[in-house]
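Undergrad: Here the protein sequences line up with chains A and B, keeping their order.
Just so we're aligned, residue 14 is where the first sequence starts under the working numbering, counting upward by one.
Just so we're aligned, residue 6 is where the second sequence starts under the working numbering, counting upward by one.
Got a structure for you, written out below as structure tokens; questions coming shortly.
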Amino acid sequence: MATIKGEVPKELEEEFRKIIAQKYGLKKGNISLALKKAIEEWIANQKRILALNAEDNSEFVEKIRKNYPDQFVAVDDSLNIIGTAKTVNELYNEIDLTEETRIIVPKKIFLSDSQGKRQLGWNLRRREVVS
Amino acid sequence: MKCWAFLKSDYRIKQFVMNLKVFSKNREWISYNNVLVDTGYDGDILIPEKDFKENGFEQALIIETGKYLAETVSGEELILSSAISEIEINENKLPIIIETFSGNNSFIIGRGILIKLKTALDGFEEKLCLIEKYS
């Protein structure tokens, strides 16, 4: 076993301990158990993100968008074209879409920025301070 | 001109909402009422993970799916699933990208939809109005 030393905000530490107590009880070793799970989840998530960033098919996508303007193009997992459609209805009706297929949509529909990130909102809620 | 009254609740300041229909992968129009309009979300529509799966959107994923991360106000990064669909808002039909992430329970309309429509927020009358049709 190894020891990791680091600092976290007090409120985070308190909430962490509170949830561990609620979920597992106040038994010795439960903090280490929760810490291990949290680190494992963080590592798995970061690995997924790194793997996604490594896969770059943007050149292929741009080429398809140029060759099939204003059309929906469905491709299989090897990026072979399996069908094209002019509308969503036609796409759903006439092409055998599965969880493995992917759709290249016209640029005007998929508005993206260069950062690869979606802003999820300023959904901040005011709450009364409880002392 | 179609308008929707602000949604009032006990714990939040009045929120602006719209009613819409979403075309599912199962080729059904699903109605949703009082969907929150959130100008802080820069996508089209975010739906609960459960609805995303039930309506077959896992079989309509766009090629960028999984390449986009959603960043919350606290900086947390979540991997998004993105699918192509169509919505109908007061007889306006438009193709959109529908998104979700693991564990999501929120249903919101983002700026991606607002920039395709002409809308007005009328604070005095407490309503959000659709001024012009999508063309």
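Where is the CB? At the ideal position from N, CA and C, for every residue including glycine.
Looking at the secondary structure, which residues open and close the alpha helix (DSSP H) in which Phe-85(A) lies?
TA: Per DSSP, Phe-85(A) belongs to no alpha helix (DSSP H); it is in the beta strand (DSSP E), 85-88.
Undergrad: Going along the chain, which residues of its own chain have a beta-carbon closer than 8 Å to the beta-carbon of Ser-127(A), five neighbours each way excluded?
TA: Note on Ser-127(A): pLDDT 44, under 50, position unreliable in the model; the coordinate value appears next. Answer for Ser-127(A): no residue qualifies.
Undergrad: Terminal residues of the continuous beta strand (DSSP E) containing Ser-87(B)?
TA: 82-94 is the extent of the beta strand (DSSP E) around Ser-87(B).
Undergrad: In the DSSP assignment, what are the bridge partners of Tyr-46(B)?
TA: Its beta-bridge partners are Leu-133(A).
Undergrad: Buried or exposed for Tyr-37(A), please, with buried defined as at least 16 other CB atoms from any protein chain shown within 10 angstroms of its CB.
TA: Tyr-37(A) should be labelled exposed.
Undergrad: Candidates Lys-120(A), Leu-110(A) and Thr-114(A): which alpha carbon is nearest Glu-79(A)'s?
TA: Strictly speaking, residue 79(A) in this sequence is Lys, with Glu absent from that position. The shortest Cα separation from Lys-79(A) among Lys-120(A), Leu-110(A) and Thr-114(A) belongs to Lys-120(A).
Undergrad: Measuring alpha carbon to alpha carbon, tell me which residue in Asn-93(A), Arg-131(A), Ile-95(A) and Ile-116(A) is nearest Ser-90(B).
TA: Checked all of Asn-93(A), Arg-131(A), Ile-95(A) and Ile-116(A); the closest Cα to Ser-90(B) is Ile-116(A).
Undergrad: Are any of the Cβ atoms in chain A nearer than 8 Å to that of Ile-4(B)?
TA: The shown model of chain B, from 6 to 140, leaves out residue 4(B), and the question about it has no answer.
Undergrad: Output yes if chain B places a C-beta closer than 8 Å to the C-beta of Asn-70(A); else output no.
TA: Yes - at least one Cβ of chain B is within 8 Å of the one on Asn-70(A).
Undergrad: By the 10 Å Cβ neighbour count, where 16 or more other Cβ atoms means buried, how is Asn-110(B) classified, buried or exposed?
TA: Exposed, by the Cβ-count rule.
Undergrad: Please decide whether Phe-29(A) counts as near chain C, where near means a Cβ-Cβ distance under 8 Å.
TA: Structure shown: chain C not included; protein chains present are A and B.
Undergrad: Using only alpha-carbon positions, find the residue among Leu-41(B), Tyr-37(B) and Phe-62(B) that is nearest to Lys-132(B).
TA: Minimum Cα distance to Lys-132(B) is reached at Leu-41(B).
Undergrad: Against Phe-28(B), what residues of chain A qualify as contacts under a CB-to-CB distance less than 7 Å, listed in chain order?
TA: Correct list: Val-101.
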